[in-house]
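To keep things clear, I will list the structure first and then write my remarks on it.
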Amino acid sequence: MARAKNERKDEFYTQYIDIQNEMNAYFEYDPDVFRDKTILLPCDDPEWSNFTKFFVQNFEFYGLRKLISTSYAIESKNLDLDWQPTLFEQENPNFDIDKTRVKGKIFTLERDPNKKGKIDINDLEWRYLEGDGDFQSEEVKRLRDEADMIITNPPFSLFRNFIKWIIEAESKKEFIIIGHQHAFTYKDVFPLLKGNEIWLGKGFEGNCTHFYSQYEDRAIAGDHIEGMIRVSGVCWFTNVDHGRRHQPQQLMTMADNIRFSKHKEVRGVGYQRYDNYDAIEVPFSDAIPSDYDGVMGVPVTWLYNYCPDQFEILGTEKELNIPKGRGYVNGKRLYSRIFIRKKK
Ligand SMILES: C[S@@+](CC[C@H](N)C(=O)[O-])C[C@H]1O[C@@H](n2cnc3c(N)ncnc32)[C@H](O)[C@@H]1O
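Structure below.
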């Protein structure tokens, strides 16, 4: 995905089951989480994507007020595809040959108390946008401002801009978006995670999933699925509460870790202190001692286990002004760490 960011490879389409698994987590925690809300699905492509399909199918069940989905014009995408408008578009009276390649589209679905029968994908109304559907355009910003919730898998190459775009909206927006663990320590993302303004969603099994994509998959043979690309280190970022983040991580005491840890770096060895910072080094998230009250440096991926009722986040090396920008143990420079402390 780091490569995707640099090369502006943004065409990754999310599986229905991944959307369903994640949304279920919020719904189980609060059955009214989506009720009476206007949900915006930007950077989507309802003709290809499962976000719109999922929310149309659950429109009544979730009690939504309005669904808005926008897509990005094909000419603006970084794609070398032999592209044709879908039959859905071509056969629709709104079809415009001059607009189809250069304009984004907007799809809307509103609650209609007079409507009989079940809502389905044919109830979506659509038209071309004035512009290409760029989420940063004034036109899509107005839709953001109208929405209560923003849900999507945004372009990986613009993840920073996308988070900023949500946060800078005048009234606070709820959001549930896909991203990558590379973003944990971004200077504009980490302070939000640390301050519990945003957190990780329930997530993907093993923090990994397959997306529909035209890009070449470098997955090992057993993991390869035709027409899909496997991405590891993938997660959901959100500010909507769910049960998993309130489940404390199961941990052993320091003494038990030293006796029984599965990690040879800890078992029979114990915990090292940093040469240049007053904290202990915990090289694995599952080796955090449950009974240690001091400061601990833990791997950045520990954020997947973060329960705000159990630990507080103090900062990264940069925020804590740790000399030489990294923790050192016995003169050896370590990987990037997050510094945490047990909650009192
Ligand atoms: C990671 S894909 C996700 C698509 C869809 N939301 C899904 O998950 O199935 C991101 C989409 O955003 C589009 N995109 C790229 N830059 C954009 C921009 N500036 N504004 C809006 N959409 C953009 C890409 O063309 C791509 O289709």
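Sequential numbering from 1308 applies to the sequence shown in the numbering used here.
Each residue gets a CB set at the ideal place from its N, CA and C atoms; glycine is no exception.
- [ ] With a threshold of 7 Å, establish whether the CB of D1427 neighbours any heavy atom of ligand 1.
- [x] Along the sequence shown, read from residue 1 onward, the residue named residue 1427 stands at position 120. No, the beta carbon of D1427 sits no closer than 7 Å to any heavy atom of ligand 1.
- [ ] Please go through the same chain and pick out, in chain order, the residues whose beta-carbon is closer than 7 Å to the beta-carbon of F1466, but skip the five residues on each side of it.
- [x] Residue 1466 sits at position 159 when you count from the first residue of the sequence shown. The answer, listed in chain order, is G1486 and A1490.
Task: Endpoints, the beta strand (DSSP E) within which W1472 is located - done: As a working mapping, residue 1472 is identified with position 165 in the sequence shown. First-last for W1472: F1466 to I1474, but that is the alpha helix (DSSP H), not the beta strand (DSSP E).
Task: Residues bridged to H1487 [DSSP beta-bridge criterion] - done: Position 180 of the sequence shown, counting from 1, holds the residue named residue 1487. According to DSSP, H1487 bridges with V1541.
Open item on the list: Tell me whether N1357, by its Cβ, gets closer than 7 Å to a heavy atom of ligand 1.
Closed with: Residue numbering aside, residue 1357 sits at position 50 when the sequence shown is read from its first letter. Correct: N1357 has its Cβ closer than 7 Å to ligand 1.
Open item on the list: Alpha carbons only, please: which of Q1557, R1580 and Y1611 is nearest the one belonging to D1598?
Closed with: In the sequence shown, the residue the question calls residue 1598 occupies position 291. It is Q1557.
TODO: Say yes only if the C-beta of K1360 is nearer than 7 Å to one or more non-hydrogen atoms of ligand 1, and no if none qualify.
DONE: Sequence index remark: in the sequence shown, residue 1360 carries index 53 (1-based). No, since every heavy atom of ligand 1 falls outside the 7 Å radius drawn around the Cβ of K1360.
Open item on the list: Alpha carbons only, please: which of N1331, C1515, I1587 and D1530 is nearest the one belonging to R1648?
Closed with: Counting from 1 along the sequence shown, the entry for residue 1648 is found at position 341. Minimum Cα distance to R1648 is reached at I1587.
Task: By C-beta, the residues closer than 5 Å to any heavy atom of ligand 1, given in chain order - done: D1317, F1319, Y1320, T1321, C1350, D1351, S1356, Y1379, K1384, D1441, F1442, T1459, N1460 and P1462
Open item on the list: Just to confirm the assignment, what range does the beta strand (DSSP E) spanning P1349 have?
Closed with: As a position in the sequence shown, residue 1349 is number 42, starting the count at 1. P1349 -> beta strand (DSSP E) spans T1345 to D1351.
- [ ] Report buried or exposed for K1410, applying the criterion of at least 16 other Cβ atoms within 10 angstroms of its Cβ.
- [x] Along the sequence shown, one-based indexing puts residue 1410 at 103. The residue in question, K1410, is buried, as its Cβ has 16 or more Cβ neighbours within 10 Å.
TODO: Quick one: give me the first and last residue of the alpha helix (DSSP H) that F1361 is part of.
DONE: As a position in the sequence shown, residue 1361 is number 54, starting the count at 1. First-last of the alpha helix (DSSP H) with F1361: N1357 to Q1364.
- [ ] Kindly indicate the opening and closing residues of the alpha helix (DSSP H) around M1603.
- [x] Against the sequence shown, residue 1603 aligns to sequence position 296. Note, M1603: premise wrong, no alpha helix (DSSP H); beta strand (DSSP E) at M1603 to P1606.
Task: At least three beta-carbon pairs within less than 8 Å, the region 1327-1336 to the region 1507-1526 - done: yes
Open item on the list: The alpha helix (DSSP H) that contains I1428, what's its start and end?
Closed with: Against the sequence shown, residue 1428 aligns to sequence position 121. No alpha helix (DSSP H) contains I1428, which DSSP labels as neither H nor E.
Task: Beta-carbon proximity check, Y1320 vs S1539, cutoff 8 Å - done: Indexing the sequence shown from 1 puts residue 1320 at position 13. Indexing the sequence shown from 1 puts residue 1539 at position 232. No, Cβ-Cβ distance for Y1320 and S1539 is not below 8 Å.
Open item on the list: Taking contact to mean 3 or more Cβ pairs, one atom from each stretch, closer than 8 Å, check whether the region 1440-1454 and the region 1332-1350 are in contact.
Closed with: Contact between the region 1440-1454 and the region 1332-1350 is present, because at least three Cβ pairs lie under 8 Å.
Open item on the list: Only counting the same chain, and skipping five residues up and downstream in sequence, which positions put a Cβ closer than 6 Å to that of D1640?
Closed with: As a position in the sequence shown, residue 1640 is number 333, starting the count at 1. The identity of residue 1640 in the sequence shown is Arg, whereas the question assumes Asp. Answer for R1640: R1633, listed in chain order.
Task: Of the listed residues E1624, C1542 and P1462, nearest to N1514 (C-alpha basis) - done: As a first step, residue 1514 is located in the sequence shown; it is residue number 207 there, counting from the start. Out of E1624, C1542 and P1462, C1542 has the C-alpha closest to the C-alpha of N1514.
- [ ] Rank H1549, T1407, S1478 and E1523 by C-alpha distance to the C-alpha of Y1379 and give the top, closest one.
- [x] Here the question's residue 1379 lines up with position 72 in the sequence shown. Of H1549, T1407, S1478 and E1523, the smallest CA-CA separation from Y1379 is found for T1407.
TODO: Out of F1361, L1621, Q1488 and S1383, state which residue places its alpha-carbon closest to the alpha-carbon of R1315.
DONE: Here residue 1315 refers to the residue found at position 8 of the sequence shown. Closest in C-alpha terms to R1315, from the list F1361, L1621, Q1488 and S1383, comes S1383.
- [ ] Using the DSSP secondary-structure output, state which residues sit across from G1622 in a beta bridge.
- [x] Along the sequence shown, read from residue 1 onward, the residue named residue 1622 stands at position 315. DSSP, once it has assigned bridges, lists F1646 as partnering G1622.
Open item on the list: Excluding the 5 residues flanking E1624 on each side, which residues of the same chain have their C-beta closer than 6 Å to its C-beta?
Closed with: Locating residue 1624 in the sequence shown gives position 317, where the first residue counts as 1. Cβ neighbours of E1624 beyond the five flanking positions: G1632 and R1633.
- [ ] Put I1381 into one of helix, strand or coil per three-state DSSP.
- [x] If you number the sequence shown from 1, residue 1381 lands on position 74. Here I1381 sits in helix by DSSP.
Open item on the list: By the DSSP assignment, the alpha helix (DSSP H) with L1500 in it spans what residues?
Closed with: Translated into the one-based positions of the sequence shown, residue 1500 becomes position 193. From DSSP, the alpha helix (DSSP H) with L1500 extends over F1497 to K1501.
Open item on the list: Given this structure, state the Cα-to-Cα distance separating E1475 from V1447, to the nearest angstrom.
Closed with: One-based indexing of the sequence shown puts residue 1475 at position 168. One-based indexing of the sequence shown puts residue 1447 at position 140. Distance between the alpha carbons of E1475 and V1447: 14 Å.
Open item on the list: Using C-beta distances below 8 Å, list every residue in its chain close to R1552, excluding the 5 sequence neighbours before and after it, in chain order.
Closed with: Taking the sequence shown and counting its residues from 1, the one referred to as residue 1552 is at position 245. The answer, listed in chain order, is W1506, L1507, Y1613, C1614 and P1615.
Open item on the list: For the alpha helix (DSSP H) containing I1565, name the first residue and the last one.
Closed with: Here residue 1565 refers to the residue found at position 258 when the sequence shown is read from its first residue. Looking at the DSSP string, the run of the alpha helix (DSSP H) that includes I1565 is M1561 to F1567.
Task: Integer-rounded CB distance, given that Y1323 should sit under 8 Å from F1366 - done: Translated into the one-based positions of the sequence shown, residue 1366 becomes position 59. Translated into the one-based positions of the sequence shown, residue 1323 becomes position 16. Incorrect: roughly 15 Å between the Cβ atoms, too far for contact.
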